[in-house]
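> Residue numbers (my numbering), protein chains in the order written: chain A, 1 to 262; chain B, 1001 to 1077.
Backbone N, C-alpha and C define an ideal beta-carbon position, used for all residues, glycine too.
Keep in mind that this is a model prediction, so the values were computed, not measured.
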Amino acid sequence: MNVIRSKIRERKSERFPNDRKSSQKHSSQRGCCNRWTRYRVRRNKSRFAFGHSLNCFVSCAGGWIDAASARISPPCVGDGSFLCTQDAGDFTRAPRNADHVRAVSFFAESTLSRWKRVHLLRSGAAVRVANGAFWLLRFTFPSWISLSVGKKGNWNKFSVDRGMTTRSECADGSKPISNCWAAMMADQDVPHLGVVRPPLVYLASIVLAALIQLAVPLPFLPRTLAVPVGPLSWLSPLLCSLQRSPNSGPAARQSRPASQPQ
Amino acid sequence: MIVRTGPYRFSRNPIYLAFSLLQLGIAIWVNSLWLLATLVAAVALIHYVVVPKEEQYLERRFGTQYLEYKASVRRWL
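1) Got a sec, what are the start and stop residues for the alpha helix (DSSP H) R1075 (chain B) sits in?
2) For H1047 (chain B), does the three-state DSSP call read helix, strand or coil?
3) Between Q1023 (chain B) and L1039 (chain B), which are expected to be in contact by the criterion C-beta below 8 Å, what is the C-beta distance as a whole number of angstroms?
4) Using a cut-off of 8 Å between C-beta atoms, extract the partners of V195 (chain A) located in chain B.
5) Determine whether the Cβ of L239 (chain A) lies closer than 9 Å to any Cβ atom of chain B.
6) In or out: F1019 (chain B) buried (at least 16 other Cβ within 10 Å) or exposed?
7) What number of angstroms, rounded off, separates the C-alpha of V201 (chain A) from the C-alpha of L1021 (chain B)?
8) Roughly how many whole angstroms lie between the Cα atoms of I1002 (chain B) and Y1057 (chain B)?
9) Measure the alpha-carbon distance for R1004 (chain B) versus G230 (chain A) and round it to whole angstroms.
10) Please look up how many angstroms separate the CB atoms of L1017 (chain B) and L1067 (chain B), rounded, as I've assumed it's under 8 Å.
11) Using 8 Å for Cβ pairs, my map puts A1041 (chain B) next to S205 (chain A). What's the rounded Cβ distance?
12) Answer with buried or exposed for H52 (chain A), where buried requires no fewer than 16 other C-beta atoms within 10 angstroms of its C-beta.
13) Please look up how many angstroms separate the CB atoms of L1045 (chain B) and V207 (chain A), rounded, as I've assumed it's under 8 Å.
14) In or out: L1035 (chain B) buried (at least 16 other Cβ within 10 Å) or exposed?
Okay, here's the thing in structure tokens:
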């Protein structure tokens, strides 16, 4: 029996050489995790978790993180950049008690120098990148944005719906997770127009009219009048808009942050 | 802060106005009644759906400051 087990282990280590290394790295880093309970990810033959699979990450505190429908590569998780990066706590402003929650670091394997990373973090560029990705996902696949994190027995659920944030506290009254998510929601306080975006409305009307015009041409002015009058109606406001506003200040310098780092 | 200078002195929605004028100009230039018809539909959609939602948001956000501006400047021209 032991021989069979050792053979299975050898075959597994040949197929997934990063697994053991990465889990050992985690155990040594955190000093708390069993390598087999560190993470569990369903994967297919190409070693990536696709589509609507259920990915469960077992945290150091014995809880688990469920990233519903996330597309996460197991080797990346095992490399330690996903769950246990020290930088992550910096820009996500995670609550003090949430040591079992670590966010993705964009700079885990970055070629940028430390100085540049700190500069980017302080100038808010990383948060803006995160916001952009979050909102792109939110409007594209709203059902994806559902994250549940909990310890054993004490559930702490955080979910995001369209235009509304709902969150329940832990059973033991501890702080809710992901204050950064709530902050991101507050920053994006904008009128929700749904799919009715004005530029798209005008673009769609022009495209639709052009298609119909190709099929059924329908002029309404004599040719001699249309050619000179048409450009005037939009050239005149354009020329007026080229005048510079007297109240506008100097152009912002993009090479420097707007505020001084503290 | 509410901008009251430049084109915002004459219209609360100068960008939508510019879009509409641009499409009107194209419609006259290429002499197409279809462009004019779809422009009317687009302006109606903006006027009855988009702008009221934006105004509600601005009233919520800026309160009396926006109400004063709203009373002094027209929606289109």
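Put simply:
1) Element bounds for R1075 (chain B): n/a, residue is neither H nor E.
2) If DSSP states are grouped into helix, strand and coil, H1047 (chain B) belongs with the helices.
3) About 5 Å; that satisfies the 8 Å criterion.
4) Those within 8 Å of V195 (chain A) in chain B number zero; the least Cβ separation is about 11 Å.
5) For L239 (chain A), the answer is no, since every Cβ of chain B falls outside 9 Å of its Cβ.
6) By the 10 Å Cβ count, F1019 (chain B) comes out buried.
7) The alpha-carbon atoms of V201 (chain A) and L1021 (chain B) are separated by roughly 14 Å.
8) Looking at the two C-alpha atoms, the distance is approximately 13 Å.
9) Those two C-alpha atoms are separated by around 30 Å.
10) So it is not a contact: roughly 21 Å between Cβ atoms.
11) About 6 Å separates the two Cβ atoms, so the contact holds.
12) With a pLDDT of 38 at H52 (chain A), under the threshold of 50, the modelled position of this residue cannot be trusted; read the value that follows with caution. By the Cβ-count criterion, H52 (chain A) is exposed, with fewer than 16 other Cβ atoms from all chains shown falling within 10 Å of its own Cβ.
13) About 15 Å; that fails the 8 Å criterion.
14) It is buried - the Cβ of L1035 (chain B) has at least 16 other Cβ atoms within 10 Å.
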